[in-house]
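Engineer: Taken in order, the sequence shown gives residues 1 to 148; the numbers are from the working numbering. We put the beta carbon where it would ideally sit given N, CA and C, even for glycine.
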Amino acid sequence: MLTYIDSSILACAYLFDEPGHDKARALLQSSDHLLVTGTLTVVEVTGVLVRASRCRRLLELDMTLAALASDLGEDGPVTLVAAPRDTVERRATQIVYAHGLRALDALHLATAELAAVPLLESPGDKLGFASRDTAQSEAAAALGFTSV
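1) Hey, could you find the ends of the alpha helix (DSSP H) A67 is sitting in?
2) Roughly how many angstroms lie between the CA atoms of H21 and D32, to the nearest whole one?
3) Excluding the 5 residues preceding and the 5 following L35 in the sequence, name in chain order all residues of the same chain whose CB lies nearer than 6 Å to its CB.
4) Taking DSSP's pairing of strands, which residues face G128 in a bridge?
5) First and last residue of the beta strand (DSSP E) that includes L35?
6) Assign D62 to buried or exposed, taking buried as 16 or more other Cβ atoms, counted over all protein chains shown, within 10 Å of its Cβ.
7) My assumption, with CB atoms under 8 Å, is that E121 sits in contact with L143. Please give the rounded CB distance.
8) Between which two residues does the alpha helix (DSSP H) harbouring V78 extend?
9) Can you grab the Cα-Cα spacing for the pair T146 / T41, in whole Å?
10) Judging by CA-CA distance, which residue of E60, A83, H99 and S30 is the nearest neighbour of F16?
11) Give me, in chain order, the residues of the same chain whose beta-carbon lies closer than 7 Å to that of A116; leave out the 5 immediate sequence neighbours on both sides.
12) With the cut-off set at 7 Å, would you say A135 and L101 are in Cβ contact?
13) With R90 as the anchor, note down where its alpha helix (DSSP H) starts and where it stops.
14) Please determine, among T39, L68 and G38, the residue with the shortest C-alpha to C-alpha distance to V50.
15) Would you mind stating whether V45 and L10 have Cβ atoms separated by less than 7 Å?
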């Protein structure tokens, strides 16, 4: 299943003390899902990991950032996707208004809708959406995505 993973899932996969870490790692390693995420995820997850390192939750920052780069690289399990910024921002604003989400959560949903949905093989296929945020997951379901 083609699945968009929110930055919350990816960050969790690198933080061993985070609840849900094993599940996030399993998703990254699953052959049942073709994983995609927005380019914004690179900045978000890097920020999470740097902050975790500064408060001593993450001891090997450089090694972890290298693993992130590898996972998001050409041969990694996650493919980066993007859509035109103005289109994404316009759609994200509509999603914020309709669902009351935080801006970054809406940007991920808009990116999933605009950049990942067109990658589906058949018109009846549904995009999976993985997030640790309940409100974002509910909005994803309302937009027609399958919760992963």
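Structural biologist: Inspection of the coordinates gives the following:
1) Where A67 is concerned, the enclosing alpha helix (DSSP H) stretches over L61 to D71.
2) C-alpha separation (whole angstroms): 18 Å.
3) Excluding residues within five positions, the ones whose Cβ falls inside 6 Å are T3, I5, P77 and V78.
4) G128 is bridged to T3 and T146.
5) Here the beta strand (DSSP E) through L35 covers L34 to G38.
6) By the C-beta density criterion, D62 is exposed, having fewer than 16 other C-beta atoms within 10 angstroms.
7) About 19 Å; that fails the 8 Å criterion.
8) For V78, there is no enclosing alpha helix (DSSP H); the enclosing beta strand (DSSP E) covers residues V78 to V81.
9) Using only the alpha carbons, I get a separation of about 20 Å.
10) Closest by alpha carbon: E60.
11) Correct list, in chain order: L2, Y4, V36, V81 and L127.
12) Yes; because the gap between Cβ atoms is below 7 Å, this pair is in contact.
13) Element bounds for R90: R85 to H99.
14) Taking only the C-alpha atoms, the option nearest V50 is L68.
15) Cβ atoms of V45 and L10: closer than 7 Å.
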